[in-house]
Amino acid sequence: MPTILHQSNLPDLELIHRGKVRDVYALSADELLIVASDRLSAFDVVLPDPIPGKGEILTQLSNFWFDKTRTLVPNHLTGKPVASVLPAGVDAALYEKRSVVARRLNALPVEAIARGYLIGSGWKDYQASGRVCGIALPAGLRQADRLPEPIFTPSTKAALGDHDQNVSFDQVVATIGADLAERVRDATLKLYRYAAAYAAERGILIADTKFEFGTDAEGRLYVMDEMLTPDSSRFWPADQYQPGSSPPSYDKQYVRDYLETLDWNKRAPAPILPRAIIDGTAARYAEALQKLAGITLD
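Heads up: the sequence shown begins at 1433 in the working numbering, then just goes up one per residue.
Put into structure tokens, the structure is as follows:
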């Protein structure tokens, strides 16, 4: 059975960040230990209930994609075994499948989002203005329609509890500079096109996905954090895809759809999830891992 970890506890290691899902520890001036917990966030709020095995699924799927795309865009993985850096007395079995030893990078303050289909906040922006992040789209598109070409639609990187906001490419340029902004956009779309084609052969449509990038001391660009997971992407079963409504998914849209039925203002504290929603979410994440990477967690 997959392990369950709501919050990591690694004595003798310096905790430098506890995010919505990941806990980050300093190993040295050059390396970090990143632990994916089973926490789940929706609408930028961490929910009170863990999803059993979720951190393992996210890590194993990310590692799969990092390996598949390492010749397209460098990534943050060092390849060091997790067990070799854990403090004495820590149960390695609890951490090995949900953790990575990563390069310590300068994280860029931008969420790099690629969209191939019109859904989520992009759909809402399009309904209001006919644009997404300043990009004009054809008139008459329906919810979940495939876009003529994938587009780069960045957002702010919100603090814990705040909401990300879609921004234009010009705002990214103003934040990180024109050269770096163009490199991030190019890398985002290159990764998305590759992954979308790969997933389509396995019966999954990647509607959109979010990447995070960082640079090293020499200014080299790396993709980091997680990659093409059910937390950072919308995965739709190709055989159930029907434009005009929100399609079924292998990702946390299942939880979002449930939360939308509640009288909740999308601010902390979040409501308790029913067991059926927890189990259904875990099953969808596990199915995405199996279909995309051929991995089944024991």
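Glycine is no exception: its CB is placed at the ideal position from the N, C-alpha and C atoms. Here the structure is a predicted model, which means the values were calculated and not measured.
- The criterion of a C-beta distance shorter than 8 angstroms is not satisfied by Ser1516 and Met1659.
- Taking 8 angstroms as the upper bound for CB-CB distance, Arg1535 and Asp1711 are not in contact here, some 36 angstroms apart.
- Among the bridge pairs identified by DSSP, Tyr1654 is matched with Gly1646.
- Per DSSP, reduced to three states, the secondary structure at Ile1489 is helical.
- Taking 4 residues as the shortest admissible run, the stretch 1567-1639 contains the following complete alpha helix (DSSP H) segments, listed from N- to C-terminal end: 1601-1608 and 1610-1632.
- With a beta-carbon spacing of about 11 angstroms, Ser1440 and Val1453 fall beyond the 8 angstroms limit used to define contacts.
- Two segments are said to touch when three or more pairs of C-beta atoms, one from each, lie closer than 8 angstroms; by this definition the stretch 1626-1636 touches the stretch 1659-1669.
- DSSP lists no bridge partner for Phe1496.
- With a contact defined as Cβ atoms closer than 8 angstroms, Thr1585 and Ile1545 qualify at about 5 angstroms.
- Look at Asp1455 here: in three-state DSSP terms it is strand.
- In the DSSP assignment, Trp1555 falls within the unbroken alpha helix (DSSP H) covering Gly1552 to Ser1561.
- By the Cβ criterion, the stretch 1688-1695 is not in contact with the stretch 1595-1610, since fewer than three pairs of Cβ atoms, one from each stretch, lie closer than 8 angstroms.
- Taking the Cα positions, Asn1697 is about 44 angstroms away from Ala1520.
- With a 10 Å radius around the Cβ and a threshold of 16 neighbouring Cβ atoms, Arg1699 comes out exposed.
- Assignment of alpha helix (DSSP H) within the stretch 1511-1550, counting only whole runs of 4 or more residues, yields 1524-1527 in chain order.
- Counting along the chain, Arg1666 sits inside the beta strand (DSSP E) bounded by residues Ser1665 to Pro1669.
- Per DSSP, Ile1466 lies in no alpha helix (DSSP H) segment; the continuous beta strand (DSSP E) that holds it begins and ends at Glu1463 to Ala1468.
- For Lys1556, the closest C-alpha among the options Pro1669, Arg1574 and Gly1548 is that of Arg1574.
- Burial is judged here by how many other beta carbons sit within 10 angstroms of a residue's own beta carbon; Met1656 has at least 16 and is buried.
- Two segments are said to touch when three or more pairs of C-beta atoms, one from each, lie closer than 8 angstroms; by this definition the stretch 1714-1723 touches the stretch 1631-1647.
- The beta-carbon separation of Thr1713 and Tyr1686, rounded to 6 angstroms, stays under the 8 angstroms limit for a contact.
- Per DSSP, Ser1678 has no beta bridge partner at all.
- Here DSSP, grouped into helix, strand and coil, assigns Thr1713 to helix.
- In terms of Cβ geometry, Tyr1682 and Glu1650 do not form a close pair [threshold 8 angstroms].
- Here DSSP, grouped into helix, strand and coil, assigns Arg1707 to helix.
- Going by C-alpha positions, Leu1472 is about 11 angstroms away from Leu1705.
- Distances from the alpha-carbon of Gly1676 to those of Gln1559, Ile1567 and Arg1450 put Gln1559 closest.
- Judged by beta-carbon spacing, Ala1458 lies within the 8 angstroms limit of Ile1448, meaning their Cβ atoms are closer than that value.
- Excluding the 5 residues flanking it on each side, Ile1636 has same chain C-beta neighbours closer than 8 angstroms at Phe1667, Trp1668, Pro1669, Ala1670, Tyr1682, Ala1720, Lys1723 and Leu1724, in chain order.
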